[in-house]
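What follows is one structure encoded as structure tokens, with my remarks underneath.
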Amino acid sequence: QVQLVESGGGLVQPGGSLRLSCVVSGFTFSTYTMSWYRQAPGKERELVAAITSTGGTTNYADSMKGRFTISRDNAKNTVYLQMNSLKPEDTAVYYCKARNYYNIDYWGQGTQVTVSS
Numbered sequence: 478q479v480q481l482v483e484s485g486g487g488l489v490q491p492g493g494s495l496r497l498s499c500v501v502s503g504f505t506f507s508t509y510t511m512s513w514y515r516q517a518p519g520k521e522r523e524l525v526a527a528i529t530s531t532g533g534t535t536n537y538a539d540s541m542k543g544r545f546t547i548s549r550d551n552a553k554n555t556v557y558l559q560m561n562s563l564k565p566e567d568t569a570v571y572y573c574k575a576r577n578y579y580n581i582d583y584w585g586q587g588t589q590v591t592v593s594s
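Each number in my numbering corresponds to the 1-based position in the sequence shown with 477 added.
Set out below in structure tokens:
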């Protein structure tokens, strides 16, 4: 059974940091491209960052470059999103997604991030 479980969300003040984790089970994690997406209320889900199966290549949405870092530990079946210098506009539900060679996607249930003073 495929499972992606996000954690690490919460309430943080502007300028603060959070580290999200997504633990995966039920498939061969090391062969999947992993991504983080987010969806704010009333908005479309958008790509935050992605990382290839080996971790050799990453890419980021322009508004996250320099603030967010995606990484993965294939030994732990886990992908991370380090978020620094958080802004109120980063408030959203953050989801991890796994995509395989056949472009089949699996999604987690999401974790809420709220940036507010």
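Quick reminder that beta carbons are idealized off the backbone N, C-alpha and C, glycines included.
Express the C-alpha separation of residue j and residue i in angstroms, rounding to a whole number.
i	j	result
V556	R544	17 Å
C499	G492	23 Å
F504	M560	27 Å
Taking Cβ to Cβ, would you say residue i is nearer than 7 Å to residue j?
i	j	result
V525	Y514	yes
Just to confirm the assignment, what range does the beta strand (DSSP E) spanning residue i have?
i	result
E483	Q480 to S484
L563	Looking at the DSSP string, L563 is not in any beta strand (DSSP E), and its letter there is neither H nor E.
K574	A569 to R576
G543	From DSSP, G543 is part of no beta strand (DSSP E); its letter is neither H nor E.
R496	L495 to S502
G487	G487 to V489
Y579	Here Y579 belongs to no beta strand (DSSP E), and DSSP marks it neither H nor E.
Q586	Element bounds for Q586: n/a, residue is neither H nor E.
According to DSSP, residue i sits in a beta bridge with which residue or residues?
i	result
I528	M511 and T535
S548	Y557
T461	With the chain covering 478 to 594 only, the question about residue 461 has no answer from this structure.
Inset, instruction - Assess, as a yes-or-no matter, whether the region 580-588 is touched by the region 480-489 under the definition of 3 or more beta carbon pairs within less than 8 Å. - result: yes
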